[in-house]
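**Student:** So that we are looking at the same thing, I have put the structure below in structure tokens.
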Amino acid sequence: MSAAFPRRRFPEGTTVEDLRSYMEPFVRQLGYRFNDDEEFVAEVLGSEIEILDSAGDVYCPCRVRSGNPKEDLKIVCPCIPFYADQFAKLQKCWCGLFVRTDVEDGSELHGVIEVPEGPADVPVALADEFPPGTLRTVRLGKRDVALARVGDEFFALGNVCRHAFGPLGQGFLDGHTAVCPWHGWRYDVRDGTTDHPGADVATYPTSVRDGYVFITV
Ligand code: SF4
Ligand code: FES
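Converting from the sequence shown to our numbering requires adding 12 to each position, the first position being numbered 1.
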């Protein structure tokens, strides 16, 4: 699930419904859905359309733009990939336009609130789309992580090979071993160890709920 928000210019006359249908499948992949409060959703998307007309893209209505186009890309809606760990703790995005799919009733989750301390489970993939034997790079907030499935178990480890920075998630699995695609260094997906001294990579706890694979950060 290394899905990135596809860049697209929304044509003139884009409606709330257009935005809804465009965003819905994308956020579902990330473990989110629209808030249950339909009126609130229509209000936020309506503001996004006004911003689209005045600023050229669907920037977040509850964040302040910096004026630096590169920086402001991080607040084009849906901004979930950029703030995945904070949103996982909040159970919602900053504005509350999107709530986690496992939230029972998201209608109370409006507005900007403080991010609680402590670990968070971040949804990174749909389990059904990740068959046994798969090794792939997934996005975890601002970093990439290699996610592996061996049988029914999921393992998450640092994506950067300690030899020459090869992308482990683009390698392949040999049992419980992730093999780097560049020069073949081998890492045990269970604990990140390799037989090259001092070159182990970090690992992260994983879990599966409601069809999503979560990484705890
Ligand atoms: S905080 Fe919510 S409404 Fe704002 S850009 Fe991010 S996803 Fe969209
Ligand atoms: S970069 Fe991974 S083996 Fe060389």
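Just so it is clear, CB atoms sit at the ideal spot from N, CA and C, and this is done for glycine as well.
Please read these numbers as outputs of a predicted model, since none were measured by experiment.
What is the residue span of the alpha helix (DSSP H) that residue 31 lies within?
**Tutor:** First-last of the alpha helix (DSSP H) with residue 31: 28–41.
**Student:** Quick check on the burial criterion: 16 or more other C-beta atoms within 10 angstroms. Buried or exposed for residue 27?
**Tutor:** Exposed, because fewer than 16 other Cβ atoms sit within 10 Å of the Cβ of residue 27.
**Student:** Answer yes or no: does any C-beta atom of chain B fall closer than 8 Å to that of residue 171?
**Tutor:** No chain B appears in the structure shown, which is made up of a single protein chain.
**Student:** I need the straight-line Cα distance from residue 144 to residue 185, nearest angstrom please.
**Tutor:** Between residue 144 and residue 185, the C-alpha separation is close to 10 Å.
**Student:** What is the DSSP secondary structure of residue 138, reduced to helix, strand or coil?
**Tutor:** Residue state, collapsed to three classes: strand.
**Student:** Can you tell me where the beta strand (DSSP E) with residue 52 in it begins and where it stops?
**Tutor:** Premise fails: residue 52 lies in the alpha helix (DSSP H), 50–67, not in any beta strand (DSSP E).
**Student:** Could you check if residue 167 is buried or exposed, using at least 16 other CB atoms within 10 Å of its CB as the buried criterion?
**Tutor:** By the 10 Å Cβ count, residue 167 comes out buried.
**Student:** Are the CB atoms of residue 159 and residue 139 nearer to each other than 8 Å?
**Tutor:** Taking 8 Å as the Cβ cut-off, residue 159 and residue 139 do not qualify as a contacting pair.
**Student:** Quick one: is the Cβ of residue 64 within less than 7 Å of any heavy atom of ligand 1?
**Tutor:** Residue 64 Cβ: outside cutoff for every heavy atom of ligand 1.
**Student:** To the nearest whole angstrom, what separates the beta carbons of residue 47 and residue 109, a pair I think is in contact under 8 Å?
**Tutor:** The pair is a contact, with the Cβ atoms about 6 Å apart (cut-off 8 Å).
**Student:** Report whether the distance from the Cβ of residue 56 to the nearest heavy atom of ligand 1 is below 7 Å.
**Tutor:** Indeed, a heavy atom of ligand 1 lies less than 7 Å from the Cβ.
**Student:** Compute the beta-carbon to beta-carbon distance between residue 142 and residue 161, rounded to the nearest angstrom, for a pair I have assumed lies under 8 Å.
**Tutor:** 5 Å between Cβ atoms; contact.
**Student:** State the start and end residues of the unbroken alpha helix (DSSP H) segment that holds residue 84.
**Tutor:** Run containing residue 84: 81–84, per the alpha helix (DSSP H) assignment.
**Student:** Quick check on residue 177: buried or exposed, where buried means 16 or more other Cβ atoms within 10 Å of its Cβ?
**Tutor:** When all chains shown are included, residue 177 counts as exposed.
**Student:** Select from 194, 146, 94 the residue whose C-alpha is nearest the C-alpha of residue 106.
**Tutor:** Residue 94 is the option with its Cα nearest to residue 106.
**Student:** What is the DSSP secondary structure of residue 219, counted as helix, strand or coil?
**Tutor:** Strand at residue 219.
**Student:** When you compare only the Cα positions, how much space is there between residue 15 and residue 149?
**Tutor:** Per-residue confidence for residue 15 stands at a pLDDT of 44, beneath the threshold of 50, marking its modelled position as unreliable; the derived number appears in the next sentence. Answer to the nearest angstrom: the Cα atoms are 10 Å apart.
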